[in-house]
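Working notes for the structure below.
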Amino acid sequence: MTNQEVKNKIKTEEYFVNMGPQHPAAHGVLRLLLTIDGEIIKNVEPDLGYIHRSIEKMCERDSYQQIVHLTDRMDYLSSHINNEAVCLTVEKALELEVSDRVKVIRTIISELTRLASHQLWWGVMGMDLGALTTYFYAFRDREMINDIFEETCGARLTMNYNVPGGLMFDIHPNFVKRTKEFIKHFKTKLPEYDRLLTGNVIFEKRTKGVGILTKEDAISYGVSGPVARGSGFASDVRKHHPYSAYDRVDFKEILFTEGDTYSRYKVRIAEMWESMSIIEQLIDNIPEGNIKETTKAVIKLPKGEFYQRVETARGELGVYINSTGTKNPYRVKFRSPGFSNLSVLNHITKGVKIADLVATMASFDFVIPDIDR
Amino acid sequence: MKNEDLQSIINGFSDNLEFSTEASEFLNVVVPKEQLHNICNQLKSNSSLKFDYAFCITGMDWGKDLGVIYHLESTELKHQIVVKVMVDDRENPVLDSVHDIWQTAEFHELEVYDFFGIKFNKHPKLRRLFLTPDWDGFPLRKDYVDEANMIVK
Chain A
1 MTNQEVKNKI
11 KTEEYFVNMG
21 PQHPAAHGVL
31 RLLLTIDGEI
41 IKNVEPDLGY
51 IHRSIEKMCE
61 RDSYQQIVHL
71 TDRMDYLSSH
81 INNEAVCLTV
91 EKALELEVSD
101 RVKVIRTIIS
111 ELTRLASHQL
121 WWGVMGMDLG
131 ALTTYFYAFR
141 DREMINDIFE
151 ETCGARLTMN
161 YNVPGGLMFD
171 IHPNFVKRTK
181 EFIKHFKTKL
191 PEYDRLLTGN
201 VIFEKRTKGV
211 GILTKEDAIS
221 YGVSGPVARG
231 SGFASDVRKH
241 HPYSAYDRVD
251 FKEILFTEGD
261 TYSRYKVRIA
271 EMWESMSIIE
281 QLIDNIPEGN
291 IKETTKAVIK
301 LPKGEFYQRV
311 ETARGELGVY
321 INSTGTKNPY
331 RVKFRSPGFS
341 NLSVLNHITK
351 GVKIADLVAT
361 MASFDFVIPD
371 IDR
Chain B
1 MKNEDLQSII
11 NGFSDNLEFS
21 TEASEFLNVV
31 VPKEQLHNIC
41 NQLKSNSSLK
51 FDYAFCITGM
61 DWGKDLGVIY
71 HLESTELKHQ
81 IVVKVMVDDR
91 ENPVLDSVHD
101 IWQTAEFHEL
111 EVYDFFGIKF
121 NKHPKLRRLF
131 LTPDWDGFPL
141 RKDYVDEANM
151 IVK
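Protein chains in written order, with full-length UniProt numbering: chain A, 1 to 373; chain B, 1 to 153.
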């Protein structure tokens, strides 16, 4: 019998399989309802809400200082950038100009956050594809950044270093020295990442040509961050709508055009080099200035609508605040990068095998509280 | 493109559009709900507008009206606009889906349905996304009450 005759003889039928809510490849409680025919995926239906805490509703009863604390529980790997987004929105509404010192420190720590997040992503991406060593390499290097954060503000993950009007306190005397030490160390380690994983034959076979997202689809599905830039969609908020000190540093927006899992991988690796370059440009010249502008103890925003976009490690985070002039916002919306990125998953994984879905999800770098909020 | 130029182009689409730039950095346009799909289609296809990137879709409860706010951007021409649509029927609010214009809307409309109860015509599969299928009420509405789980100050 020929292959086709065998295929015709074997009858398959479609059935449902739950992937999650507790699945190691989802890195959190994400439930995907897969419709599969044998090993081939026909449909992916995400079911969310397993860690939904209704942060947007909680914001409506909290003061503006309190909202900042809720946001680092969303995308906990970009906690500093999330805090910064809310602070920038409030400062924009109050027309409050923070000092250059604050802007530069915020930018340095944002880039350190991005590095830490990309390191963790690199570790777990290897792990998802069966290469456990990457996990240990990544966590070894990430530890140095967490130590810097701990010394700076007392917390390693949910930092709360930003307040509306500036920073909670000045940087630690060791901050500059330790950041430079880390950059020096990581410059020798990042090529090691390439040697271990990037050129690996199995890794390349698992990622090249898998989960292809075209530029048109990326735009239409509102995809942002490294996922969009892997498809050639120039969406870097730092470049196109600069905030804090990004207008005074020189960096490249990394773009790859293949749109597959491998190009999304390459974007993040290249972005780590860019982040280090941004930090190096700023770290020696942190200007003097106020660490916090005085704000009223009870902040009341003027009546109106305020929107601020920032680039987290996962993409574009938008904060929309609708104020009626009271001490609480009337409505807060967080446009989270993960939620929009997840919307395209079904589209690009139709017809692939389940293992390829895992590889694609790893390259999307989902953080589930960022999707659920 | 400047807000004034955007306004003059979009003004040609329909007679019933309200514009404002007060209290917002973007040009705001309020669209009657019957014309939502038509106007959005033109916003995307018009060669001098090209709003192809819906970067934020927000459900909203203005107290009396429910509605949706669309933040749109043109990735090529780099201008932004905010489109608002309101529906005053709180018992059975229905709007047209725009998922065929910006595909990300399919997902964001599920979120709006889940928390505000706004139904979308022609949506491929309207379902509860975050909450359980038997959940009672729509939590982000201003008149939602849940004495057991909400701390009201």
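Even glycine gets a Cβ: it sits at the ideal position worked out from N, Cα and C.
- Message: Our contact map puts A/Ile-291 next to A/Arg-101 with C-beta atoms below 8 Å; I'd like the distance itself, whole angstroms only.
- Response: The residue labelled residue 291 of chain A in the question sits at position 291 within the first sequence. The residue labelled residue 101 of chain A in the question sits at position 101 within the first sequence. The Cβ separation is near 7 Å, so the contact holds.
- Item | chain A contacts from the stretch 32 to 62 of chain B (Cβ-Cβ distance under 7 Å) | Asp-52, Tyr-53, Ala-54, Phe-55, Cys-56, Thr-58 and Met-60
- Query: Tell me, which residues are paired with A/Thr-12 by DSSP?
  - Reply: As a working note, residue 12 of chain A is residue 12 in the first sequence. The partner list for A/Thr-12 (beta bridge, DSSP) is empty, contrary to what the question assumes.
- Since B/Ile-81 and B/Val-29 are thought to touch, with beta carbons under 8 Å apart, how far apart are those beta carbons, to the nearest angstrom? Translated into positions along the second sequence, residue 81 of chain B becomes position 81. Translated into positions along the second sequence, residue 29 of chain B becomes position 29. Correct: roughly 7 Å between the Cβ atoms.
- Which runs of the alpha helix (DSSP H), 4 residues or longer, sit entirely within the stretch 89 to 138 of chain A? 100 to 128
- Query: In three-state DSSP terms, what is B/Lys-50?
  - Reply: Numbered from its first residue, the second sequence carries residue 50 of chain B at position 50. Looking at B/Lys-50 - three-state DSSP - the assignment turns out to be coil, as it is neither helix nor strand.
- Could you tell me whether the Cβ atoms of A/Lys-252 and B/Thr-58 are closer together than 7 Å? For the purposes of this step, residue 252 of chain A is taken as the residue at position 252 of the first sequence. For the purposes of this step, residue 58 of chain B is taken as the residue at position 58 of the second sequence. Taking 7 Å as the Cβ cut-off, A/Lys-252 and B/Thr-58 do not qualify as a contacting pair.
- For B/Thr-21, which residues in chain A fall below 7 Å Cβ to Cβ? Indexing the second sequence from 1 puts residue 21 of chain B at position 21. Within 7 Å Cβ-Cβ: nothing; B/Thr-21 doesn't reach chain A, min ~11 Å.
- Task: Report yes if the C-beta distance between A/Ser-231 and A/Gly-211 is below 7 Å; otherwise report no.
- Result: The residue labelled residue 231 of chain A in the question sits at position 231 within the first sequence. The residue labelled residue 211 of chain A in the question sits at position 211 within the first sequence. No, they are not a contact pair.
- Mind pulling the chain A residues with CB within less than 8 Å of B/Ser-97? Here the question's residue 97 of chain B lines up with position 97 in the second sequence. By Cβ distance, chain A contributes nothing, its closest Cβ being about 14 Å from B/Ser-97, past 8 Å.
- Message: If we define contact as Cβ-Cβ less than 7 Å, is B/Leu-126 a contact residue for chain A?
- Response: In the second sequence, residue 126 of chain B corresponds to position 126, counting from 1. Closer than 7 Å: no.
- Could you tell me whether any Cβ in chain A is nearer than 7 Å to the Cβ of B/Leu-6? If you number the second sequence from 1, residue 6 of chain B lands on position 6. Cβ-Cβ to chain A under 7 Å: no for B/Leu-6.
- Query: Looking at chain B, which residues of the stretch 45 to 63 of chain A have a Cβ within less than 7 Å of any of its Cβ atoms?
  - Reply: Leu-48, Gly-49, His-52, Ser-54, Glu-56, Lys-57 and Arg-61
- Item | Contact between the stretch 129 to 141 of chain A and the stretch 47 to 65 of chain A (3+ Cβ pairs under 8 Å) | no
- Item | Among B/Tyr-144, B/Glu-111, B/His-37 and B/His-99, nearest to B/Val-85 - alpha-carbon criterion | In the second sequence, the residue the question calls residue 85 of chain B occupies position 85. Among B/Tyr-144, B/Glu-111, B/His-37 and B/His-99, the Cα nearest to that of B/Val-85 is on B/His-37.
- Query: Which residue's Cα is closest to the Cα of B/Lys-2: B/Cys-40, B/Glu-91, B/Ile-39 and B/Thr-21?
  - Reply: Here residue 2 of chain B corresponds to residue number 2 of the second sequence, with the count starting at 1. The shortest Cα separation from B/Lys-2 among B/Cys-40, B/Glu-91, B/Ile-39 and B/Thr-21 belongs to B/Thr-21.
- Take A/Arg-309 and list the residues in its own chain whose beta-carbon comes closer than 6 Å to its own, dropping the five residues that flank it on each side. Numbered from 1 along the first sequence, position 309 holds the residue referred to as residue 309 of chain A. These residues qualify, in order along the chain: Val-237, His-241, Glu-316 and Gly-318.
- Message: By DSSP's criteria, A/Pro-46 is part of a beta bridge. Which residues make up the other side?
- Response: For the purposes of this step, residue 46 of chain A is taken as the residue at position 46 of the first sequence. DSSP output for A/Pro-46 lists A/Leu-32 as bridge partner(s).
- By Cβ distance, which residues of its chain are closer than 8 Å to B/Asp-96, with the 5 residues on each side in sequence left out? Here residue 96 of chain B refers to the residue found at position 96 when the second sequence is read from its first residue. So the qualifying residues of the chain are Lys-33, Leu-36, His-37, Phe-120, Asn-121 and Lys-122.
- Closer than 9 Å by beta-carbon distance: list the chain A residues that pair up with B/His-71, in chain order. Taking the second sequence and counting its residues from 1, one reaches residue 71 of chain B at position 71. In chain order: Tyr-307, Gly-318, Tyr-320 and Arg-335.
- Message: Would you say B/Trp-102 lies against chain A (beta-carbon separation less than 7 Å)?
- Response: Reading the second sequence from its first residue, position 102 is the one you call residue 102 of chain B. It does: the Cβ of B/Trp-102 has a partner Cβ on chain A nearer than 7 Å.
- Message: Within 8 Å, do at least three Cβ pairs link the stretch 96 to 115 of chain B to the stretch 212 to 227 of chain A?
- Response: yes
- Message: Just verifying my parser: in three-state terms, what is the DSSP assignment at A/Thr-360?
- Response: Looking up residue 360 of chain A in the first sequence gives position 360. DSSP places A/Thr-360 in helix when its eight states are reduced to three.
- Item | Residue range of the unbroken alpha helix (DSSP H) whose run includes A/Arg-61 | One-based indexing of the first sequence puts residue 61 of chain A at position 61. Residues 55 to 61.
- Message: Whole angstroms are fine: how far does the CA of A/Ile-279 sit from the CA of A/Leu-112?
- Response: As a working mapping, residue 112 of chain A is identified with position 112 in the first sequence. As a working mapping, residue 279 of chain A is identified with position 279 in the first sequence. Approximately 8 Å, taken between the alpha carbons.
- Query: Beta-carbon separation of A/Asp-365 and A/Ser-336 under 7 Å?
  - Reply: Stepping through the first sequence from its first residue, residue 365 of chain A is reached at position 365. Stepping through the first sequence from its first residue, residue 336 of chain A is reached at position 336. No, these two residues do not count as a Cβ contact at 7 Å.
- Message: Does the CB of B/Ser-74 have a neighbour CB from chain A at under 7 Å?
- Response: Against the second sequence, residue 74 of chain B aligns to sequence position 74. No, its Cβ sits nowhere closer than 7 Å to a Cβ of chain A.
- Message: By alpha-carbon positions, which one of A/Ile-368, A/Ala-362, A/Arg-373 and A/Val-367 ends up nearest to A/Ala-131?
- Response: Taking the first sequence and counting its residues from 1, the one referred to as residue 131 of chain A is at position 131. Here the closest residue by C-alpha is A/Ala-362.
- Task: Note down, in chain order, each residue of its chain lying with its Cβ closer than 7 Å to the Cβ of A/Tyr-127, except the 5 sequence neighbours on either side.
- Result: For the purposes of this step, residue 127 of chain A is taken as residue 127 along the first sequence, with counting starting at 1. The amino acid at residue 127 of chain A is misidentified as Tyr; the sequence shows Met. Closer than 7 Å at Cβ, skipping near neighbours: Thr-134 and Tyr-135.
- Message: Would A/Glu-13 and A/Lys-42 be called neighbours here (beta carbons separated by less than 7 Å)?
- Response: Residue numbering aside, residue 13 of chain A sits at position 13 when the first sequence is read from its first letter. Residue numbering aside, residue 42 of chain A sits at position 42 when the first sequence is read from its first letter. Cβ distance not < 7 Å, so A/Glu-13 and A/Lys-42 don't count as in contact.
- Task: Could you name the residues that DSSP lists as bridge partners for B/Gln-80?
- Result: Stepping through the second sequence from its first residue, residue 80 of chain B is reached at position 80. Partner(s): B/Glu-73.
- State whether the stretch 25 to 43 of chain A contacts the stretch 52 to 65 of chain A, with contact taken as three or more CB pairs (one from each stretch) at a distance under 8 Å. no
- Item | CA nearest to the CA of A/Trp-122, picked from A/Leu-196, A/Leu-94 and A/Lys-303 | Residue mapping note: residue 122 of chain A aligns to position 122 of the first sequence, counting from 1. Here the closest residue by C-alpha is A/Leu-196.
- Between which two residues does the beta strand (DSSP E) containing B/Asp-96 stretch? Against the second sequence, residue 96 of chain B aligns to sequence position 96. Taken as a continuous stretch (DSSP letters only), the beta strand (DSSP E) holding B/Asp-96 covers 94 to 96.
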